[in-house]
Each structure stands twice: as C-alpha cells, then as structure tokens.
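Encoded as structure tokens, the structure appears first; notes follow it.
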Amino acid sequence: MVKRVVVGAHYGLRDWLLQRITAIVMAVYTVAFLVVVLPSLPMGFEDWRAGFAHPVVKISTLLFLLSAMLHAWVGVRDIFMDYIKPFGLRLFLQVVVILTLFVYALWAIQLLWSV
Amino acid sequence: MAKNRPKNLDLRTIQLPLPGVVSILHRISGALLFLFGIPLLLLVLQQALHSRESFESLRAILTHPLGKLVLLGFAWSFWHHLCAGVRFLLLDIHKGVQIDAARLSSRWVMGVSLFLTLLTGVALW
C-alpha cells in the first residue's frame with residue numbers, strides 16, 4: 010500500500026514539471042524584458058505606464074508573476090519537506106504560504122489591470 | 667562490506683565542493699526571493715504604475731544608497747537563482763553531468779551571476 014500524506018513527499022512529478030515550465034517562462038520573459046526595456050532607458054512615468062498599457066506586456070507580465078507564484082510554491086514546499094518535520098507545523102506553514110501567494114496573485118492582477 | 671575504509675568527517679578540514687555551494691545558494695536565493703523578492707517586486711511595480719507622484723517617490727527611494735543596496739541584494743538573488751536554475755535544467759537533460767563538466771559549470775554559475783550583479787550595480791550607479 011502506498012502511504013500518502015497531505016504534506017508528504019516522493020510523488021511530485023507534476024510539481025517537478027511545473028517547477029521547470031514556470032522557470033522557462035520566467036527566463037524567457039526576463040530576456041525579453043531586458044531586450045525591450047534596456048535600450049529605452051531612462052524612462053519617465055508616461056513611457057513606463059504606456060508600456061504596461063499594451064495588452065501583450067500586461068499579459069506576459071501577469072504570466073511571469075503567476076509563474077513566480079507557482080514556482081515559489083513548489084520551491085518553498087521542497088524546503089519545508091526537508092527541514093520542517095512535525096506534521097502540524099508543516100501543514101500550517103504550507104497553508105500560510107498558499108494564502109500569501111494567493112493574495113500576491115490577486116494583487117498582481119489588480120495592479121496590472123489598473124493601468 | 668569493508669568497514670575500515672578511511673573516512674574524514676572533520677568539519678574543520680572538509681568543505682562542500684563548489685557544485686554543492688551553488689546548490690545551497692540556489693536554495694537560499696530562492697527562499698530570499700520568496701520572502702522579500704516577490705512582495706518587493708509587486709510593491710515596486712505598483713508604485714511605478716500608480717501615479718506620477720508614486721513613480722517619483724519610488725525613484726527617490728531606489729536612488730538612495732540604501733535602496734540601491736537592497737536592489738543589489740535582490741539582483742544577486744535573482745541572477746544566481748536564474749543561472750543555477752539554467753544549470754539544473756541542463757543537468758536534467760543530462761548535459762554536463764560528468765564531474766569535470768559539473769565543476770566547471772558551477773564555476774560559470776558563480777562567475778556569471780556575480781558579473782550580472784556587478785552589471786546591475788553599474789547600471790544603478
């Protein structure tokens with residue numbers, strides 16, 4: 010019988026893959042961001058805001074930020090699985106991290122779509 | 667099984683090999699990015715996009731020496747995590763798994779991430 014616990018390890022292929030896909034998304038965005046932004050520096054508020062008003066920038070930035078949240082979840086969970094052994098404490102910390110990342114995600118959407 | 671092979675676990679005379687250093691720094695930089703990087707990035711983005719006043723006050727904070735120092739810390743965490751991450755992706759597809767190649771690539775990760783941090787610093791000052 011496979012013993013699975015909610016905060017357990019060793020059955021995380023999906024997380025492993027998610028970690029790598031989100032990493033590639035963020036790496037590509039980083040390079041693209043530098044290529045676009047660096048030549049047009051220094052930027053004033055108007056240029057900056059106009060850039061982010063473009064739907065492609067908006068959506069790709071959101072994709073980057075959501076990738077960061079998902080990536081952080083897998084990474085932080087790995088750290089907890091290595092160092093936090095008590096079940097209750099690990100579960101508590103994981104819930105705190107999930108809620109925090111969820112709030113960050115909502116914040117990211119709100120701030121990008123306020124432009 | 668031979669039990670009397672020589673072993674040395676004296677922490678004062680042994681040290682983590684460079685690939686191990688890259689690995690633990692990848693974890694530490696990742697933790698820093700979660701704890702400080704993501705909230706700071708969102709805060710900066712919000713201030714940069716909200717209004718002309720918030721943009722200017724953000725600029726004042728980020729051009730202050732203390733603000734630059736924080737930014738530099740973020741830059742190193744980000745670049746190290748990115749470079750070490752690329753190395754791990756290559757290891758995943760079995761590129762550079764031999765010991766010589768793995769040691770060399772870990773030197774590259776340390777070097778390139780420090781260089782990119784330096785470039786970021788130059789751009790800031």
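Residue numbers (the numbering used here), protein chains in the order written: chain A, 10 to 124; chain B, 667 to 791. Glycine is no exception: its CB is placed at the ideal position from the N, C-alpha and C atoms. This structure is a prediction, so every number in the text was calculated from the model and none was measured.
Please confirm if residue i has its CB atom under 8 Å from at least one CB of chain A.
i	result
Val-688(B)	no
Leu-711(B)	yes
Gly-696(B)	yes
Ile-727(B)	no
Phe-740(B)	no
Phe-702(B)	no
Compare the C-alpha of residue i against each of the options and name the closest.
i	options	result
Ser-779(B)	Gly-686(B), Lys-673(B), Ser-695(B)	Ser-695(B)
Leu-701(B)	Val-16(A), Met-35(A), Ala-77(A), Val-45(A)	Ala-77(A)
Val-37(A)	Val-752(B), Leu-784(B), Gln-764(B), Gly-777(B)	Val-752(B)
Leu-110(A)	Ile-93(A), Leu-79(A), Leu-102(A), Trp-122(A)	Leu-79(A)
Tyr-92(A)	Pro-685(B), Ala-697(B), Gly-739(B)	Ala-697(B)
Gly-762(B)	Arg-725(B), Arg-718(B), Pro-685(B)	Pro-685(B)
Pro-731(B)	Trp-791(B), Lys-669(B), Asn-670(B)	Trp-791(B)
Gln-119(A)	Asp-766(B), Leu-785(B), Leu-709(B)	Leu-709(B)
Does residue i have its Cβ less than 8 Å from a Cβ in chain B?
i	result
Arg-29(A)	yes
Trp-148(A)	Since the first residue of chain A shown is 10 and the last is 124, residue 148(A) is not available in this structure.
Ile-107(A)	no
Tyr-38(A)	no
Ile-88(A)	yes
Ala-32(A)	yes
Val-66(A)	no
Here's the rule I'm using: 16 or more other beta-carbon atoms within 10 Å means buried, otherwise exposed. How should residue i be labelled?
i	result
Leu-74(A)	buried
Ala-789(B)	exposed
Tyr-20(A)	exposed
Ile-30(A)	exposed
Phe-744(B)	buried
Ala-741(B)	buried
Ile-68(A)	exposed
Arg-99(A)	buried
Please work out which residues of its chain come closer than 8 Å, Cβ to Cβ, to residue i, disregarding the five sequence neighbours upstream and downstream, and give them in chain order.
i	result
Val-65(A)	none
Phe-61(A)	Lys-67, Thr-70, Leu-121, Val-124
Which same chain residues, not among the five before or five after residue i, have their C-beta less than 7 Å away from its C-beta?
i	result
Ile-680(B)	Asn-674
Apart from the five residues just before and just after residue i, which ones in its own chain have a Cβ nearer than 6 Å to its Cβ?
i	result
Val-775(B)	Val-688, Cys-749, Ala-750, Arg-753
Every unbroken alpha helix (DSSP H) within the segment 738-790 of chain B, with a cutoff of 4 residues, ordered by chain | As far as the segment 738-790 of chain B is concerned, its whole alpha helix (DSSP H) runs of at least 4 residues are 765-790.
Alpha helix (DSSP H) runs wholly inside the segment 15-101 of chain A, at least 4 long, in chain order = Taking only runs of at least 4 residues, the alpha helix (DSSP H) segments lying wholly in the segment 15-101 of chain A are 22-46, 54-62, 64-92.
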